[in-house]
Amino acid sequence: MKSSRRTSDERDEKKSAASPVRISGMASLADVFRVLNQMRDSGVVTEYAVGGATAVLFYAEPTRTYDVDVFVTLQECGAPLQSIAPVYWWAEEQGFAVQAEHLMIYGVPVKILPSFNPLVEEAVIAARLERYDDVSVRVVGPEHLVALALQAGGARRRERAWQLLQAGVVDRPQLTAILVRHGVRAEIPNDV
Amino acid sequence: MSESRNQIEVEALARKREWHQAQARLPVREKVRILLELQRQDLPLIARRRVLKAWERPWDVTP
């Protein structure tokens, strides 16, 4: 399942970026995204997708954030709760520090969030493959970002959902279908 | 008087909407540059109101 979704671009990146540890020069956000691909390629997670405010950057106006949310799916192990400890172990093996719940990847705090409900899992599976410089990065699509923000609730997330809607990047029928499928109740006026 | 005031408000809201839409159309790399700038401006202000968490720092990366 994992390999069938990968493009030749992604496979080329894996070959050209043997080590996630940068030796010289200041890292860029592209380097952080490259590490996410390496994390997936190593098998420590089965798939990932960037979510939250960092994902919004790909579709709407810039919004404040101080960390990068990354949703991941993990190998089924039969247990009711799945541990993401192996992700932290993998990161430490690559030389990245762990601070509280964040992996510090080239100084960028990355929060790994296991897919904790069917909506998140669907968002990861349906994520879009975007380009950032020379790196392919999987990003949660705008419809799922709105649905996730509305499901989680809170003023900041609702504002994020409205930003995406106002940017005109959301397929409204698709969003409605997602909300219905996952039982997320929300009134979205047509003029937003 | 109030009609012209309404007109000014309508125009101001339209300009605001246009500005937001223009921001949304920027290249992603430019949006990341803006985000990094926002972090550098905001975090010292937040630090005056509360203690920052260890990971709440401007990202040490280029866009």
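Just so you know, the sequences run in chain order A and B. Residue numbers 300 to 491, in this note's numbering, belong to the letters of the first sequence in order. Residue numbers 329 to 391, in this note's numbering, belong to the letters of the second sequence in order. Quick reminder that beta carbons are idealized off the backbone N, C-alpha and C, glycines included.
With a cut-off of 8 Å, does the C-beta of residue i fall near any C-beta of chain A?
i: E337 (chain B); result: no
i: S332 (chain B); result: no
i: L341 (chain B); result: no
According to the Cβ coordinates, are residue i and residue j closer than 8 Å?
i: E442 (chain A); j: L474 (chain A); result: yes
i: Y347 (chain A); j: V439 (chain A); result: no
i: M338 (chain A); j: V331 (chain A); result: no
i: A352 (chain A); j: R459 (chain A); result: yes
i: Q462 (chain A); j: E360 (chain A); result: yes
i: S414 (chain A); j: V371 (chain A); result: yes
i: R385 (chain B); j: L371 (chain B); result: yes
i: L247 (chain A); j: V491 (chain A); result: In the structure as shown, chain A begins at 300 and stops at 491. Residue 247 (chain A) is therefore absent and cannot be evaluated.
i: R363 (chain A); j: V434 (chain A); result: no
i: V419 (chain A); j: L380 (chain A); result: no
i: R345 (chain B); j: P391 (chain B); result: no
How many whole angstroms separate the CB atoms of residue i and residue j, which I take to be in contact at a CB cut-off of 8 Å?
i: V349 (chain A); j: K410 (chain A); result: That belief does not hold up - the Cβ atoms of V349 (chain A) and K410 (chain A) are roughly 11 Å apart, past 8 Å.
i: V389 (chain B); j: L356 (chain A); result: Contact doesn't hold; Cβ gap of about 14 Å is too wide.
i: V469 (chain A); j: V445 (chain A); result: 6 Å
i: A384 (chain A); j: L402 (chain A); result: Incorrect: roughly 12 Å between the Cβ atoms, too far for contact.
i: Y365 (chain A); j: Q367 (chain B); result: 6 Å
i: A352 (chain B); j: A466 (chain A); result: 4 Å
i: V369 (chain A); j: L335 (chain A); result: 6 Å
i: Y431 (chain A); j: A354 (chain A); result: With a Cβ gap of about 12 Å, Y431 (chain A) and A354 (chain A) do not count as contacting.
i: A382 (chain B); j: A399 (chain A); result: 7 Å
For chain B, check one thing: does any of its Cβ atoms lie closer than 8 Å to the Cβ of residue i?
i: S315 (chain A); result: Note that S315 (chain A) has pLDDT 41, beneath the 50 cutoff, so the model's placement of it is unreliable and no number is given.
i: D366 (chain A); result: yes
i: S318 (chain A); result: Caution is warranted here: a pLDDT of 44 is assigned to S318 (chain A), below 50, making its placement in the model unreliable, and the coordinate value is therefore given only provisionally. S318 (chain A) does not count as touching chain B.
i: R363 (chain A); result: yes
i: Q473 (chain A); result: no
Applying a beta-carbon distance threshold of less than 7 Å, which residues of chain B neighbour residue i?
i: E486 (chain A); result: Correct list: empty, because the minimum Cβ distance to chain B is about 21 Å.
i: L328 (chain A); result: V360, V389 and P391
i: G406 (chain A); result: W387, D388 and V389
i: Y431 (chain A); result: V356
i: V369 (chain A); result: Going along chain B, no residue has its Cβ under 7 Å from V369 (chain A), so there is no contact; the nearest lies around 14 Å.
So residue i contacts chain A; which residues on that side make the cut at Cβ distance below 9 Å?
i: A375 (chain B); result: Those do not exist, as A375 (chain B) stays about 12 Å from chain A at its closest Cβ, beyond 9 Å.
What does residue i reach in chain B if we use C-beta pairs closer than 9 Å?
i: A399 (chain A); result: K381, A382 and W383
i: V492 (chain A); result: Chain A is shown only over 300 to 491; residue 492 (chain A) falls outside these bounds and no answer can be derived.
Quick one: which chain B residues come within Cβ less than 8 Å of residue i?
i: F357 (chain A); result: V356
i: M338 (chain A); result: Going along chain B, no residue has its Cβ under 8 Å from M338 (chain A), so there is no contact; the nearest lies around 17 Å.
Kindly list, in the order they appear in chain A, the residues whose Cβ is closer than 7 Å to that of residue i.
i: A352 (chain B); result: A359, E360 and A466
Closer than 7 Å to a non-hydrogen atom of the ligand ADP - does that hold for the CB of residue i?
i: E360 (chain A); result: With respect to small molecules bound, the structure shown includes none, and the ligand ADP cannot be examined in it.
Is there a Cβ of chain D sitting closer than 8 Å to that of residue i, yes or no?
i: I362 (chain B); result: Note that chain D does not occur in the displayed structure, where the protein chains are A and B.
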